[in-house]
Each structure stands twice: as structure tokens, then as C-alpha cells.
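In this note's numbering, the protein residues as written are 1 to 340. Since the structure comes first, as C-alpha cells, the remarks are kept for the end.
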Amino acid sequence: MKVLNSVLALGALALLVAGGTHYWPELSKTTTRQVPDSSAPSHAAATPTAELTQSGDQRVVELAVKYLELYGDTITEPATQARLYNERRNLLARYPDSGNELFQSAITTAFPELADSIFALMAKLDRYNRWLDNHELRLQGLPDMERYAELWQQREAIFGPLASQIWAEEQNPVEAKSDQFQQTLARLDQANQMPLTELAHQLQTTADELYGADLARQLAGSGATGHALFAMDSVQQQLASLPADKRQQTINALRRQIGYSEETVRQLAEEDQRREEKWQKGKAYMAERRALENRLNGDQLEAALTDLRQEHFGFSAPTIEREEEEGFFRFERERRYGLN
């Protein structure tokens, strides 16, 4: 029940900001304004004074390379794109007059096909944070449940179906009622013979009974119900046994059953397909990697692995290499359909 434990730690169905208001990607926890995480990779190639002596074009190239390295592997995901909000904020703080132009040029250089959607998301995040600024004191005075519902109502109004992906890993105050829900999750997690539709029904029924139908719908809209459902071993075991086409149809049907809109179902299905392609590419890479390890060693092996990573992952190859040097092999993780 490895994945179930992580679900329980989220507080039953919960994936929302607990008491926090502003959205600074990676940092929206309990405070309203935060500085960049000092534990994150350094974003400065030189001191501000030194950087100001460089040409604008050089700074753009350096930023583009950094963004590719840090975000390129998952840049198609809205949550990753939202993390660029901090990068933009840092540039504006460092270069008030030219920061926005630098950011736009770097994004266009690094991700030309996604640049427009990233800029549109930045504008929506600006709008969301202005709303938080205007309502901060009132929101802080609300009970947790009411603040939770209002935050999600505003997020969905601004971001639509993307909201559940952008805020997919937040914690929320529904934890106060989580004991009974955790018991239900633990029971359903082991119900390997129960049909998937019945598993989804019992999960949704428990949420309705504990939190009320209105809040349960908010939970479904936030993506929390889906995370709880697809984290169950009983669900994963049945999904893994299905052919790929049938599996996706089943996942789509389960999402509809627990209250996802048709547009959200469509967008998540597209994301599932991108994940599937990455996993298939990863499986092929790992098979070729093992074959190289069986017949080469030393510098020959390292050179061959470098070429293999470049062939399969392109600009993400350096990231894959660093992970492997640290002993992490992403394609040896457990596959969780509908989640990763």
C-alpha cells in the first residue's frame, strides 16, 4: 500500500492549500508571500552586477538553456508550466525594466511551440494573485472548509480544467474528517475483486456522506477524488490487466463517474497518452541500456550510454544522466495508470 500511504498523508481526498492563499508554484503552503526556495537549483549564472554587463542575447540563451534543463522533460504539463511563474517573478525583481521581455524571449527560445500557452497561463496566474491580494484578509478569516471551497471556485473560474492539474499536490483541511475516509480507502484498496465502477461508487458515496454533496463536487473538481481512486492498489491491479485501448476507455469512464467534466476528461486523456508514450520510450531505453551494460564497460559503456540517452531523450538527456548518477531510474518506478 505504498501509494495509499501517500494518499492518506494528503488528508483523505485532499489536495488543496491549507491556509495559504497566493500561488507561487512549489511554494504555496502556509504563507501569502514567499521568497524562492533556497534549496532549489541555483538560477543565477553570475552575480546581478556581472549579469548586467552581459548582452541581452546572452542572458536569453542562458535562461533558455536553464529552463530546458529544469523543466523541459515535463514542460507539456500545466503544473510544470505554472512553476515558471517563480522564474518570471525572479526576473522581474532583478530586472524591473527588462525582466518580462527577457522571460518571454527565453521561453520562446526554449519552448517555441508552447510559448503562447505558457504566456497565457502567466497572465491567468497574475489575475489569480490579484484576486488573492484583494481578498486576502477576508479569506484568512473564513473557516477552512469555506476558504477551500471559495479558492477552488475562483481557480476553476480562471483556469478551468487546468486548475486540478496545477494544484494537484496541495494539502487541504478536509483532513479534520479524514479518519473515517481513510478507513474506507484502506478497505477499498484491498478490494481486488470489486468491480471498478463499484469502487468508484463507494468512494464517491463516502465523500458525499462525510463532506456533503456540494463539497464532494468541489473535491472532484480539484482532482482529489481522482487521485484517491487511482492510487488504490485494487484499481491499479485491474487497470494493469486491460489492453491499452480498453484501459483508457475505463479510466475515462471512471473520471466521468466521479464528477469530472467532459472537457477535463478529454484533457486528462491527452495527458495519459503523453505519459504512455514516455513510458514506452523509457521501457525501450532501459532494455537497450541493459544490453549495453552486458557487453561494454568503462569509458566505452559511458560513451554508449551518453549516445543512447541523447537518442531517446534529446535535451532531457542531461537530466536523465544526473538522475542515474544519483541512483534514480525513473522508468523503474511503479507505473500508476491515471496518475503518472
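Glycine included, each C-beta is placed from N, C-alpha and C at the ideal position. Predicted, not measured: the structure shown is a model, and the values here were computed from it.
Just to confirm the assignment, what range does the alpha helix (DSSP H) spanning residue i have?
i: residue 104; result: 99 to 110
i: residue 78; result: 78 to 94
i: residue 153; result: 144 to 159
i: residue 118; result: 115 to 140
i: residue 211; result: 196 to 211
i: residue 308; result: 298 to 313
i: residue 324; result: 317 to 325
i: residue 165; result: 163 to 166
Taking all protein chains shown into account, decide if residue i is buried (16 or more other Cβ within 10 angstroms of its Cβ) or exposed.
i: residue 291; result: exposed
i: residue 283; result: exposed
i: residue 204; result: buried
i: residue 298; result: exposed
i: residue 35; result: Confidence is the limiting factor: at residue 35 the pLDDT is only 29, short of 50, which leaves the residue's position unreliable, though a coordinate-based value still follows. Exposed is the call here.
i: residue 87; result: buried
i: residue 111; result: buried
i: residue 165; result: buried
i: residue 206; result: buried
i: residue 91; result: buried
i: residue 137; result: exposed
i: residue 124; result: buried
i: residue 149; result: buried
i: residue 163; result: buried
i: residue 187; result: exposed
i: residue 226; result: buried
i: residue 33; result: Only weak support exists for where residue 33 lies, its pLDDT of 34 falling under 50; the value from the coordinates is given anyway. That one is exposed.
i: residue 287; result: exposed
i: residue 228; result: buried
Between residue i and residue j, what straight-line distance do the alpha-carbon atoms span, to the nearest angstrom?
i: residue 343; j: residue 141; result: Limits of the chain in this structure are 1 at one end and 340 at the other, which puts residue 343 out of reach.
i: residue 76; j: residue 106; result: 16 Å
i: residue 122; j: residue 311; result: 32 Å
i: residue 232; j: residue 74; result: 24 Å
i: residue 240; j: residue 248; result: 11 Å
i: residue 109; j: residue 246; result: 39 Å
i: residue 256; j: residue 271; result: 16 Å
i: residue 230; j: residue 264; result: 16 Å
i: residue 342; j: residue 200; result: Residue coverage of the chain in this structure runs from 1 to 340, which leaves residue 342 outside it and unanswerable.
i: residue 328; j: residue 260; result: 34 Å
i: residue 316; j: residue 94; result: 28 Å
i: residue 314; j: residue 322; result: 14 Å
i: residue 273; j: residue 308; result: 23 Å
i: residue 117; j: residue 82; result: 11 Å
i: residue 238; j: residue 101; result: 50 Å
i: residue 99; j: residue 58; result: 14 Å
i: residue 335; j: residue 97; result: 46 Å
i: residue 129; j: residue 190; result: 42 Å
i: residue 223; j: residue 333; result: 22 Å
i: residue 198; j: residue 210; result: 18 Å
i: residue 61; j: residue 114; result: 17 Å
i: residue 159; j: residue 79; result: 12 Å
i: residue 342; j: residue 294; result: Absent from the model: residue 342. The displayed extent of the chain is 1 to 340, so no value can be given.
i: residue 278; j: residue 161; result: 23 Å
i: residue 326; j: residue 306; result: 16 Å
i: residue 304; j: residue 180; result: 53 Å
i: residue 154; j: residue 103; result: 27 Å
i: residue 338; j: residue 169; result: 15 Å
i: residue 324; j: residue 63; result: 25 Å
i: residue 139; j: residue 157; result: 17 Å
i: residue 151; j: residue 196; result: 31 Å
i: residue 71; j: residue 84; result: 8 Å
i: residue 266; j: residue 252; result: 8 Å
i: residue 67; j: residue 194; result: 45 Å
i: residue 320; j: residue 242; result: 30 Å
i: residue 119; j: residue 126; result: 11 Å
i: residue 213; j: residue 285; result: 46 Å
i: residue 185; j: residue 300; result: 50 Å
i: residue 280; j: residue 147; result: 41 Å
Give a yes or no on whether the minimum CB-CB distance between residue i and chain C is below 8 Å.
i: residue 228; result: Judged by its chain identifiers, the structure shown contains no chain C, having just a single protein chain.
### Task
Report the residue ranges of all alpha helix (DSSP H) runs contained in full by the region 231 to 267; include only those spanning at least 4 residues, in chain order.
The region 231 to 267 contains these whole alpha helix (DSSP H) runs: 233 to 240, 244 to 257.
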